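> Sharing a structure with you now.
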Amino acid sequence: MRILFIVPLAALLAACSSIRAPAPQGSKATFAILETTDLHANVRSYDYYKLAPDAALGLERTATLIRQARKEFPNSLLLDNGDTIQGTALGDYQALVAPVGCGQTLAIYKAMNALGFEGGSVGNHEFNWGLDFLGQVTASHFGAEGANVRAQPCAGPSFPMVLANVVDARTGIPLFAPYRIIEKRVSATGPDGKPLAATVKVGIIGFTTPAIMGWDKRWLEGRVRTEGWRETAQRYIPEMRAKGAEVIVAIAHAGLDGAAYAPSMENGSLYLAQVPGIDALLLGHSHDVFPNAAGKAAGFNLPDVDKVNGRVHGVPTVMPGLWGKHLGVIQLALRHDGRRWIADAGAAKVETRSIQRPDRSFVEPDAELAALVRAEHEATIAYVKTPIGDTDFRMSAYFADVGDVSAIQIVNQAQADYVRRHVRANLPQYAQLPVLSMSAPFKTGAAGVADYTDVAPGNMALNNAADLYLYPNDLHAVKIDGATLKAWLEKSAGRFNTIDPTLSEPQELVNAGFAGFNFDMLTDPDVRYQIDVTQAPGQRIKGLAWRGQPVRAEQEFIVATNNFRASGGGGFPGLDGSKTIFASPDNNRAVLIAYIKSVRHLARAANGSARSWRFAPVKSKGAVVFRSAPGKLALAREAGLAGISVLKEEDGSGKGYALYAIDLRFSEASASPAGRE
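By my numbering, the letter at position 316 of the sequence shown is numbered 316, and the numbering carries on one by one without gaps.
What follows is the structure, given as structure tokens:
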């Protein structure tokens, strides 16, 4: 009997010893929120498409920044924003080629577990492989239709995943826990100036872009639904406060958009920040770095957005780019009012820390992470070396913005061929309609000077196909009329700024705020059109013709594209899912691989030179300039581009880009005019 009495008493005493009195009024503490976002399965500093190390990316280098920040800030919380599991050949390999089993942890989560991540949310790309896969790899209790199908969770992240605005379509219950309150032990300073230990209750709540319902409609329709940014926050944040959260961190997988509020808007963070009670806002999805005093993104220059100090409607806000290139840091200044900790928004400090040092070298990678995922890394490399064909020309996107289709035409050919064969066999009612194809240069330098598609002449392997088609989209075909086709191309032409030919100072050709993956183009010998960059957006497509005849507004076409675009991704006019006549079970990359295997030998004349579009000839008083990787002018010549010259091999930004110019007078020429190079 005495033993039975002593055991619970000891447990009670131990429990009592862990209970600490609240910090006294006037106590202070610095508390750092550390964020990663859009890691996209980049565990190693390695480019699987080029089969080469790439020191400019990778969680193994962000890990060094994380360890440094933790030494600097003993009080910290490490969180991830989402788009974590997809984006490299490693992610594809573990999802599609050798899918991880229930007892296996994804390589990216293994690394994050080792680094001691303490919370995370869910991005749009987490849904790319369906709910069952997502439920398995995140160790969550939901299956293919959001049902609780496993008595025990599978292996996954050892930190809580939160997501408030995606709910089961039948029950309205959030797919993941909407929020979590984490108790953090902190070192503080009492009102007497002496150190003390205390506890801070930090609430984390997650949001993702409602655009998932269009982009991954095949997986999500009828199974889940999304709820509005603002409405969801207004529901849960008071509840979090009532349950004791002293500091609330909103993890929003979205950027900033100044459009009128809509619950379904893609980027709703601006309106999320207006909901009272949020102490720190972590952004993602748009792959930008915020704060950034020089940032030109439209969302950075909205009223109530402070791009210098990192504030959105006064809320300390950070976004650390993508691929582990940066670590977001928000230093919160906490004070205790005698009842709870309060964050002083005005005193917060917000910054992003780059893995690239000022001298352009990079921090060292974390050797432990590399060893942890060595087996998965090596298996992926072996997989992507699988041969599929060969090419006699270099397929690159360095000059895709000015007309080089070497990395785009083969994608369009594969898509069009697939759809034509399907229509002939299964959709005879459409057999008389022309089949076109749209694709875009997916890699145009947005993430750095190495971020361009580049497939060398010679043997081709699976990694080259993944370089040519970056995303795990599914092939879709839409039936549209000529008016919609023209509107589609007008939207794509938003890639360019409006050029004033009377100005003598240099003008930037490319609109940096318009993603390269939205620059859809035709590469069909039957189609011709011009882009007049002197005209306002929406009025730039001139002379659109098919087989030498002007395209009529009512003329019908079938266009091969991907599920993202067909379902409304990018906001293209007339594309909302209703025009889809065929949703392929095959993804675009698989279609491309099969086509290359069937052709075997690719040649520029047949597979890399069909330019449907040109710039309308313009005589500009000043230079029209654009940026690309240095030392690539010969590629423009090989592609037959006219009027391209190098102004500076280093553009002065410190990011490694070269500054090129294009003489728009010669955009229809087949060779560069004398003296321009």
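We put the beta carbon where it would ideally sit given N, CA and C, even for glycine. None of the values given here were measured: they were computed from a predicted structure.
Could you have a look at serine 286 and say whether DSSP puts it in helix, strand or coil?
In this structure, serine 286 counts as coil in the three-state DSSP scheme.
> Quick one, are the C-beta atoms of alanine 493 and threonine 444 less than 8 angstroms apart?
no
> Run the CB neighbour count on proline 195, radius 10 Å, all protein chains shown included, and call it buried at 16 or more, exposed below.
So proline 195 counts as exposed.
> Identify, in the order they occur along the chain, each residue of the same chain with its Cβ nearer than 6 angstroms to the Cβ of tryptophan 341, setting aside the five sequence neighbours on each side.
Cβ within range, chain order: Val200, Glu246, Leu334.
> Grouping DSSP H, G and I as helix and E and B as strand, with all else coil, what is lysine 443?
Note: lysine 443 maps to coil in three-state DSSP.
> May I ask you to list the residues that DSSP assigns as paired with phenylalanine 496?
Val510
> Round the Cβ separation of asparagine 128 and proline 472 to the nearest angstrom and send it over; I've been treating them as touching at under 8 angstroms.
5 angstroms
> When DSSP labels each residue in this structure, what does asparagine 426 get in the three-state scheme?
The answer is helix: DSSP assigns asparagine 426 an H, G or I state.
> Where does alanine 661 sit, in a helix, a strand or coil, going by DSSP?
strand
> Quick check: the stretch 564–575 against the stretch 524–544, are there 3 or more CB pairs under 8 angstroms?
No: fewer than three Cβ pairs fall under 8 angstroms.
> Quick check on DSSP: helix, strand or coil for tryptophan 219?
Of the three classes helix, strand and coil, the one that applies to tryptophan 219 here is helix, per DSSP.
> For alanine 610, tell me which candidate among Ala590, Gly656, Pro525 has the shortest Cα-Cα distance.
Here the closest residue by C-alpha is Pro525.
> At which residues does the alpha helix (DSSP H) containing serine 628 begin and terminate?
Note, serine 628: premise wrong, no alpha helix (DSSP H); beta strand (DSSP E) at 624–628.
> Please list, in chain order, all residues of the same chain as valine 308 whose beta carbon is under 7 angstroms from its beta carbon, the five residues on each side excluded.
Pro291, Ala293, listed in sequence order.
> Within this structure, are the beta carbons of valine 166 and tyrosine 179 separated by less than 8 angstroms?
no
> How about alanine 466 and glycine 516: do their beta carbons lie closer than 8 angstroms?
no
> So, for lysine 619: in the same chain, excluding its five sequence neighbours on each side, which residues have a beta-carbon less than 8 angstroms away from its beta-carbon?
Pro501, Leu664, Arg665
> Which ranges would you report for the beta strand (DSSP E) in the stretch 515–544 if only whole runs of at least 3 residues count?
527–531
> Tell me the rounded alpha-carbon separation between threonine 453 and valine 625.
21 angstroms
> Runs of 3 residues minimum, wholly inside the stretch 119–203: which ones carry the beta strand (DSSP E) assignment?
Segments of the beta strand (DSSP E) lying fully in the stretch 119–203: 166–168, 179–189.
> Do proline 630 and alanine 658 count as a contact pair if the criterion is CB distance below 8 angstroms?
yes
> For tryptophan 229, report the span of its beta strand (DSSP E) as first-last.
No beta strand (DSSP E) holds tryptophan 229; the alpha helix (DSSP H) holding it covers 229–242.
> Out of Trp488, Gly214, Ala594, Lys542, which one is the CA nearest neighbour of phenylalanine 557?
Trp488
> Measuring straight from C-alpha to C-alpha, what distance separates arginine 604 and serine 406?
7 angstroms
> Using the C-alpha atoms, what's the distance from phenylalanine 142 back to glutamate 221?
16 angstroms
> Cutting at 7 angstroms between CB atoms, please list the residues of its own chain near alanine 661, excluding the five before and the five after it.
Ala623, Val624, Val625, Ser645, Leu647
> Alpha carbon to alpha carbon, what distance is there between proline 550 and aspartate 132?
C-alpha separation (whole angstroms): 48 angstroms.
> Mind checking who alanine 461 pairs with in its DSSP beta bridge?
Pro387
> Of all the options Ala298, Val423, Gly258, Glu490, which has the alpha carbon lying nearest to the alpha carbon of phenylalanine 582?
Of the candidates Ala298, Val423, Gly258, Glu490, the one whose C-alpha sits nearest the C-alpha of phenylalanine 582 is Val423.
> For glutamate 556, does the three-state DSSP call read helix, strand or coil?
strand
> Going by Cα to Cα distance, which pick from Leu372, Ala52, Met213, Ala29 is closest to alanine 169?
Met213
> Which parts of the stretch 248–335 are runs of the beta strand (DSSP E), unbroken and 3 residues or longer, counting only runs that do not cross its ends?
280–282, 315–320
> Three-state secondary structure (DSSP) at threonine 502?
coil
> When you compare only the Cα positions, how much space is there between isoleucine 205 and isoleucine 181?
9 angstroms
> So, for glutamate 266: in the same chain, excluding its five sequence neighbours on each side, which residues have a beta-carbon less than 6 angstroms away from its beta-carbon?
Thr209, Ala211
> On the premise that glycine 255 lies in contact with aspartate 216, defined as a C-beta separation below 8 angstroms, what is that separation, rounded to the nearest angstrom?
Contact flag wrong, Cβ pair sits at about 19 angstroms.
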